[in-house]
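To start, the structure under review is shown below, and the notes come after it.
Residue numbers (this note's numbering), protein chains in the order written: chain X, 37 to 840; chain A, 1043 to 1246.
As structure tokens, this is what we get:
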């Protein structure tokens, strides 16, 4: 890191003859002696030092940043306004007017009653189906954090293999520290409104969040992924893929104090405001407006006074080939930033730059396929539906409020003033002049009540449920609900089919999220390998303590989402499935075999929401898992029984006594080694379950690694093997001792001779002598013979041809 | 016992359904090559017997068989429904083995009509009416020749003897292409097989 930062104060500034401070030019070197990343504010750390560009290089970089900010100004404005509108619609602000200068405002915001009062205007009421559908889509997409798997990029390279193994453990730590579940919800939200999401992963030093390292006294850090929507980042609009983007920019509004704490060497120079590039001013207004959740473009004065825009720009080396960069300058920049450049401004103040590759930090993710970078978001199609629905509902509301019929009474016949004085009569009473010859019943009439166009009600119903659901994919059936328009009961099979169809559609965004999370995980591994030292340990609920050596992560790895064609299931579906396994285990041998494994019983019980219940064998599994931790620390130990007998023999020999042959024979039968954790020689342990747990370990990935690993690992495997054998042998011995159930034999009554049948009947209390059974057999026999032998009786009236 | 037959009853030649041992009923299966050979051989035998009239069942196999004899003796066969086989309705084409129990059921219940077919009673009545009349005529004008089917011949044999010796449709009185002679026997008649084809002969 650079050594010096000179922090200017009013007192330290050189003064002119009138005692005023002179303006200093930019400082050539930055004194960082007192800067500790993460001490006062979270800092995006890298092992790469800060670059030290000279003034000319800074000027060129500034130009490149400005060019990147100004690029595609028309389409950028278009996408900003679209997302601005979408976010406001989601918030409930749906009666928007185009604002002078771009963007949106609400009618009535300048009302004398203030912005809140105008929010209560009936003209601004909205029936927010976009918000509703966004909740549905987010709940569907964010059911489960995508699972990822690491692979070595070079399988023949031991470092690559080691890195992949270590990364497959590290990913649990990353998931916990980065809060991936919340991140997924944010991603789902941005897919709905913005469509394009930028994932940014880096090692963040933060004393407040992660504490101070006792040994170094410096703030700890962790790999954190943040996501940015369209308003918060800018990319070349025409690029189809990230590799075609020469520059990516991220904009964040920071409080001035936070910005100064983050970049203290530039503290006095950082002023509230934007980078000063007119083309991206509107982006800032849109960001602030949507974040503050205020009506229209109303922005509090204090926000403007305190916000500074932090602009981070990543350049690929190819960006230095711009025509504005001379050849010499290009070469100097490439020397300074061979992988590419990250340059950070706060407002208009340069903070730092460093050599950094954007593909190791950033991932551009799209919810849907399309052309270019401005694509349709999940809910973009609902905007016109929402607008129409609001208009129709307003119309319906107007009908209800304003079309209470008026009554007309004959003047001179009715006391109109008295009628009007009645304050609980709906509608207004008005006089009318009667014509001669009008009958009494025509002295008053009530206007017919206008009714709205009947189709409008149908349209409202359709646009409320069916149409936006089909446009956005936010269908009731996503969560196995009946469709609103289903008359009567709907078969479960139909609900399941509809749910699967709805999930298949949302699967587009889900797959995009999976790929992006895999890439972010890979970036996290790169950052951890670069910035961490020693052991990385975290307690992960459900897995225990996970430890990884940061050195092991230094290798070339690939990361892919785990293949799973199915959409993550909701809890009711999981519960249903697990209950089916429990109910079906009595008849289904496959389910029965699953239930037999104690580890599975816990999972199945949890899945069926029976977490409070103890499951048989669970305690034994836990005990054995703890013993496995010990067993894998060492090899087997000499058998103490054998040692004892050898000792005895040695003593006998030493005293001249003959050694009985049976003792020597006994010695031969004793195995030389036993497991370091003894197995109980009685029924006080669940030998079968513990043996099963050892068996599973020996045959799974970890066990096989030990079996084929180093000499120490192989010894540890042997240790586990002997422990398994001990349990298996003990289980067998205890089974042999238990009373045997005699074999059962079924004999049918009719298969027994008469004497046998008589005995069997006697056991039930019926005393039937064998002779009776014999008689019955005889009768049955005669009947069967009779049926076979005696022909059917020829009917007397059987026809016969005779000579006639 | 008369020595001279008053009539001859000929079973049609082999059809594909005979080969498959299936119930034919009123399915109109034609003769096979072998069946034609049998019909030819049959015709050679019948041509020597001085036939005066030929009757045949209206079903194709019987008509075909009769045409061989008619061609030699020069007598046009008269088709008569009375010689048609038992109409077994839904069991047409079903193998005898598979339909055995069902056939026995209808035989044991003679008044029960076979689905889409006829009851054994109706069938026997039809046969009885035909042969009562025609045999009486044959006694005077004969010998006649009747080209018919196995079930008809079985039923005739039973009705001539007054006993159900033959199981109609399930037992063969004479083989395909065979000939039986009808003799006067006291107040009734007697049926005896007199010719069985032996080799498969192709038509000349």
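Don't be surprised by glycine CBs; every beta carbon is placed ideally from N, CA and C.
Here the structure is a predicted model, which is why all the values come from computation and not from measurement.
Three or more Cβ pairs closer than 8 Å define a contact, and the region 96–108 of chain X meets that threshold against the region 354–373 of chain X.
The closest CA to that of residue 383 (chain X), considering only X:377, X:317, X:309, is found on X:309. Look at the region 1075–1108 of chain A and you find these whole runs of alpha helix (DSSP H), each 4 residues long or longer: 1075–1088. The beta carbon of residue 1148 (chain A) is closer than 8 Å to those of 1154, 1156, 1161, 1162 in its chain, skipping five residues each way along the sequence. In the same chain as residue 322 (chain X), and ignoring 5 residues on each side of it, the C-beta atoms closer than 7 Å to its own belong to 116, 120, 139, 267, in chain order.
Here DSSP, grouped into helix, strand and coil, assigns residue 374 (chain X) to coil.
Under the DSSP assignment, residue 203 (chain X) falls in the alpha helix (DSSP H) whose first and last residues are 194–213. Shortest Cα-Cα distance from residue 414 (chain X) to any of X:564, X:404, X:72 involves X:404. Contact annotation: residue 553 (chain X) and residue 625 (chain X) have beta-carbon atoms that are not nearer than 8 Å. Excluding the 5 residues flanking it on each side, residue 111 (chain X) has same chain C-beta neighbours closer than 7 Å at 273, 410, in chain order. Residue 1218 (chain A) is not a Cβ neighbour of residue 1083 (chain A), given a cutoff of 8 Å. Burial is judged here by how many other beta carbons sit within 10 angstroms of a residue's own beta carbon; residue 575 (chain X) has fewer than 16 and is exposed. Here residue 1125 (chain A) is buried: its Cβ has 16 or more other Cβ atoms, across all protein chains shown, within 10 Å.
Residue 1226 (chain A) has a beta carbon lying within less than 8 Å of a beta carbon in chain X. A distance of 8 Å or more separates the beta carbons of residue 549 (chain X) and residue 134 (chain X). Contacts with chain X at 8 Å (Cβ-Cβ) include residue 1231 (chain A). Residues of chain X whose Cβ lies closer than 8 Å to the Cβ of residue 1235 (chain A) do not exist; the shortest such Cβ separation is about 18 Å. Measuring C-alpha to C-alpha distances from residue 295 (chain X) to each of X:286, X:307, X:285, X:284 identifies X:307 as the nearest. Judged by beta-carbon spacing, residue 393 (chain X) lies within the 8 Å limit of residue 376 (chain X), meaning their Cβ atoms are closer than that value.
Counting the other Cβ atoms within 10 Å of the Cβ of residue 379 (chain X) gives 16 or more, which makes it buried. The beta carbon of residue 265 (chain X) lies closer than 6 Å to those of 226, 230 in the same chain, with the five residues before and after it left out.
By DSSP's assignment, residue 343 (chain X) forms a beta bridge with X:291. Residue 585 (chain X) carries a strand assignment under DSSP once its states are collapsed to helix, strand and coil.
Between the alpha carbons of residue 547 (chain X) and residue 509 (chain X) lies a gap of roughly 15 Å. For residue 138 (chain X), there is no enclosing alpha helix (DSSP H), since its DSSP letter is neither H nor E. Per DSSP, residue 715 (chain X) is not a residue of any alpha helix (DSSP H), being assigned neither H nor E. The C-alpha of residue 1166 (chain A) is placed about 21 Å away from the C-alpha of residue 1048 (chain A). Only exposed fits residue 357 (chain X), as fewer than 16 other CB atoms lie within 10 angstroms of its CB.
For residue 811 (chain X), no chain A residue has a C-beta closer than 9 Å to its own C-beta; the minimum C-beta separation is roughly 31 Å. With a threshold of 16 other beta carbon atoms within 10 Å, residue 727 (chain X) meets it and is buried. Three or more beta-carbon pairs drawn from the region 559–577 of chain X and the region 208–227 of chain X are found closer than 8 Å, and the two stretches are therefore classed as touching. In terms of beta-carbon proximity, residue 1160 (chain A) stays away from the interface with chain X, with every pair separated by 8 Å or more. Chain A has a Cβ within less than 8 Å of the Cβ of residue 838 (chain X). Taking the beta carbon of residue 1202 (chain A) as reference, the chain X residues within 8 Å of it are 836, 837, listed in sequence order. In the DSSP assignment, residue 621 (chain X) forms no beta bridge with any residue.
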